[in-house]
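**Student:** After the structure tokens below, expect a handful of questions from me.
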Amino acid sequence: MHAFDLRYLNGGQVIVRKAKNGETITTLDGVERSLTDEMLVIADTDKPVAVAGVMGGEYSGIMDDTTTIVFESACFNGPSIRMTAKKLGMRTEASSRYDKQLDPRGCRKMLNRALQLVQQLGAGEVVNGVVDCDCSDVSDFTLPFEPDWVNNFIGINVSAEEQKAILERLGCKIENGLIVVPSFRNDLRHKADISEEIARFYGYDKIEDRQLSGVANAQLTPFQKLEKLAGETMRACGLSEICTYPFISPKYYDKIELPADSKYRQCVTITNPLGEDTGVMRTTMLPSMLETLSLNYNNRNARAALYELARVYESNGLKDLPNEKNMLCIGMYGEGVDYFALKGIVEEFLDLLGLNDCDIEPLCDNPTFHPGRTAQVKIGEREIAVMGEIHPQVQSNYSIGVKVYAAQIDFDACFELSNLKRTYKQLPKYPALSRDIACVCKKAMPVLLLKRTIKNAMGANLESINLFDVYEGAQIPEGMKSVAFSMRLRAADRTLTDEEADAAMKRSVKALEKLGVSLRA
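Going by my numbering, the sequence shown opens with residue 4, and the numbers climb by one from there.
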């Protein structure tokens, strides 16, 4: 409630309205305040005379020579008053009361009480006439009266009569199966609120312990299971998980040497970024991983092996929502870290997913990686991973003085192609035969081509083929290299003979000779 000096109300009117942008008022504390069109004010015909629910204006305040007073009693919207007080930096007793949402039916009562005090104290004469703007016309708020629901919700057994008595003591009424909530209890708006009041009167100490029941048998989705498996595999390989922001600076793409026309520069731009370093959504995980490795290196950590499973965001030409892809990124440097250590981790992960039939091919056109020490992993024609040594220039951009190895795996593609079902396979009944082959080929010839050629020539009895040696140096001509494979052959229905194994070896040698490859002497 607020009191105004009628002399200073231009037009003799009290108007409740929204303020105008740039409008000012000097409040009772003597401070001039600038208002916005989101703030509620009490005004006369010309100007604001009070900030509604917060503080009155100095100009229309009660003076020593005041002769006529206008009392105003209102119930303003609590959230609106709270926002106004916050923006103006004013925490007053009035605003704190409105925060809690006052009783709208109390406006007339409070006004009558003020007038009664004026008469009792002989402070003046009360003039008849009250302007009421919907303060008395407030409908009752009702809730269903459901004693059984309350008992089940709390875990007690209180009769309907006892619950009714408790509610009536709180000022509620029970009419036609409904609880009529008093206007001064704005906190009673749900059945749970009613249950809380009944439990409070009943006594929390009387509620007996009861074993939980009806717990849902929730399970992980297949994708969540794969996420969990990926994390377990990475940690088993000695990697530590990191979590980085999906927001990065566009300058990070310069640090990983992406060309200006790269598709990875087509980013989703943030409208209200946290800062210059968080202006766009990342399209690749490598900048975040390299930033973290750089932080570790420059804090004198001699070795780091990290992984992150998170999303990248492709702008999709900004025609629709961006494409969100889940990626698994690995980054390593330090003692015992090389390309083959990284390759082993990637192969271990793919093997657990049942993705054994994948090809590892050289990759020379990725500017972030070393052109001669990088490979792509493909299943058919689909690329699912890139791995290798980071380009020396990129390492220099991140102030890392040692070789860094990284891999980025398309986790969504792995999920789509994975086969986590394991079927029992009977142990072989017949013995296996082992054969080794060492051949000399051009240094630039991919090992994968040799492996495929041998595999196709050996036939159906080839159980496994593994690379075990690559050698360059003495006894090997310049520009050539020696590559050696170990093979295991086995027939499912009989014991394989040496003659059959030798015949398969001869087929392999002939197939290699067609490629210009010779056996090592």
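Even glycine gets a Cβ: it sits at the ideal position worked out from N, Cα and C.
#1: Starting from SER297, trace the alpha helix (DSSP H) both ways and give me its first and last residue.
#2: Using the C-alpha atoms, what's the distance from GLU149 back to GLU199?
#3: Do PHE488 and LEU470 have their C-beta atoms within less than 7 angstroms of each other?
#4: Exposed or buried, what is MET330 when buried is set at 16 or more other beta-carbons lying within 10 Å of its beta-carbon?
#5: Output the boundary residues of the alpha helix (DSSP H) element that contains THR87.
#6: Check THR526 in the structure and name its three-state DSSP category.
#7: Tell me which residues share the same chain as VAL389 and place their Cβ nearer than 6 angstroms to its Cβ, disregarding the 5 neighbours each side in the sequence.
#8: With a 10 Å radius around its C-beta and 16 neighbouring C-beta atoms as the bar for buried, classify LEU289 as buried or exposed.
#9: Quick check on the DSSP output: the beta strand (DSSP E) that includes MET4 runs from which residue to which?
#10: From the beta carbon of ASP151, is the nearest beta carbon of chain B less than 7 angstroms away?
#11: To the nearest angstrom, how far is the alpha carbon of GLU260 from that of SER243?
#12: Please work out which residues of its chain come closer than 6 angstroms, Cβ to Cβ, to PHE144, disregarding the five sequence neighbours upstream and downstream, and give them in chain order.
#13: Expressed to the nearest angstrom, what Euclidean distance is found between the alpha-carbon atoms of LEU91 and THR286?
#14: In the DSSP assignment, find the unbroken beta strand (DSSP E) run with ASP472 in it and report its ends.
#15: In the DSSP assignment, find the unbroken alpha helix (DSSP H) run with VAL349 in it and report its ends.
#16: Can you tell me where the alpha helix (DSSP H) with SER399 in it begins and where it stops?
#17: Assuming ALA606 contacts MET292 under a Cβ cut-off of 8 angstroms, what Cβ separation, rounded to an integer in Å, is found between them?
#18: Tell me the residue span of the beta strand (DSSP E) that contains ILE201.
#19: Starting from VAL512, follow the alpha helix (DSSP H) in both directions and report where the run begins and ends.
#20: Suppose you measure from the CA of LYS444 to the CA of SER252; what does that come to, to the nearest Å?
#21: Can you list, in chain order, the residues of its chain whose CB lies under 8 angstroms from that of PRO325, leaving out five sequence neighbours each side?
#22: Tell me the residue span of the beta strand (DSSP E) that contains ALA2.
#23: Beta-carbon within less than 6 angstroms of THR224's beta-carbon, same chain only, minus the 5 sequence neighbours each way: which residues are those?
#24: Are the CB atoms of GLY25 and ASP47 nearer to each other than 7 angstroms?
#25: In its own chain, which residues sit with a C-beta less than 7 angstroms from the C-beta of THR456, not counting the 5 before and 5 after it?
#26: For PRO51, does the count of other Cβ atoms within 10 angstroms reach 16, so buried, or fall short, so exposed?
#27: Check whether the stretch 414-425 and the stretch 344-363 touch, using three or more Cβ-Cβ pairs below 8 angstroms as the test.
#28: According to DSSP, simplified to helix, strand and coil, what is GLY375?
**Tutor:** For this structure:
#1: Counted from its first residue, the sequence shown places residue 297 at position 294. That run of the alpha helix (DSSP H) goes 289-301.
#2: For this step, residue 199 is matched to residue 196 along the sequence shown. For this step, residue 149 is matched to residue 146 along the sequence shown. Their Cα atoms are separated by approximately 14 angstroms.
#3: Position 485 of the sequence shown holds residue 488. Position 467 of the sequence shown holds residue 470. Yes, the pair counts as a contact, with Cβ atoms nearer than the cut-off.
#4: Numbered from its first residue, the sequence shown carries residue 330 at position 327. Flag for MET330 reads buried.
#5: What you label residue 87 is simply residue 84 of the sequence shown in a count that begins at 1. Where THR87 is concerned, the enclosing alpha helix (DSSP H) stretches over 81-91.
#6: Because residue 526 is not part of the residues shown, which for the chain are 4 to 524, the question remains open.
#7: By 1-based counting over the sequence shown, the position of residue 389 is 386. Here the set comprises GLN379 and GLN411.
#8: On the sequence shown, residue 289 is found 286 positions in, with the first residue counted as 1. It counts as buried.
#9: Here residue 4 corresponds to residue number 1 of the sequence shown, with the count starting at 1. It is not in any beta strand (DSSP E) - MET4 carries neither H nor E in the DSSP assignment.
#10: Reference to chain B is not applicable here, since this structure consists of a single protein chain.
#11: In the sequence shown, the residue the question calls residue 260 occupies position 257. In the sequence shown, the residue the question calls residue 243 occupies position 240. Rounded to the nearest angstrom, the two C-alpha atoms are 26 angstroms apart.
#12: On the sequence shown, position 141 is the one that residue 144 refers to. The answer, listed in chain order, is VAL184.
#13: Numbered from its first residue, the sequence shown carries residue 91 at position 88. Numbered from its first residue, the sequence shown carries residue 286 at position 283. Straight-line Cα distance between these residues: approximately 42 angstroms.
#14: Locating residue 472 in the sequence shown gives position 469, counting from the first residue. Per DSSP, ASP472 belongs to the beta strand (DSSP E) from 465-474.
#15: Counting from one through the sequence shown, the residue named residue 349 turns up at place 346. First-last of the alpha helix (DSSP H) with VAL349: 342-355.
#16: Walking along the sequence shown from the start, residue 399 turns up at place 396. That run of the alpha helix (DSSP H) goes 395-400.
#17: In the structure as shown, the chain starts at 4 and stops at 524, and residue 606 therefore has no counterpart that could be examined.
#18: Start at 1 with the first residue of the sequence shown, and residue 201 comes out as number 198. Unbroken run through ILE201 is the alpha helix (DSSP H), 194-205; no beta strand (DSSP E).
#19: What you label residue 512 is simply residue 509 of the sequence shown in a count that begins at 1. Start and end: 501-516.
#20: If you number the sequence shown from 1, residue 444 lands on position 441. If you number the sequence shown from 1, residue 252 lands on position 249. A small correction: the amino acid at residue 444 is Cys; Lys does not occupy that position in the sequence shown. Each residue's Cα considered, the two are about 46 angstroms apart.
#21: By one-based count along the sequence shown, residue 325 stands at place 322. Here the set comprises VAL271, MET284, TYR316, GLU317, SER318 and ASN319.
#22: The structure shown has nothing for residue 2, since the chain only spans 4 to 524.
#23: Along the sequence shown, one-based indexing puts residue 224 at 221. No residues qualify anywhere along the chain.
#24: If you number the sequence shown from 1, residue 25 lands on position 22. If you number the sequence shown from 1, residue 47 lands on position 44. No, the Cβ-Cβ distance between GLY25 and ASP47 is not below 7 angstroms.
#25: Mapped onto the sequence shown, residue 456 falls at position 453. Once the five neighbours on either side are set aside, the close Cβ partners of THR456 are ALA514, LEU515 and LEU518.
#26: On the sequence shown, residue 51 is found 48 positions in, with the first residue counted as 1. PRO51 should be labelled buried.
#27: yes
#28: Counted from its first residue, the sequence shown places residue 375 at position 372. In this structure, GLY375 counts as strand in the three-state DSSP scheme.
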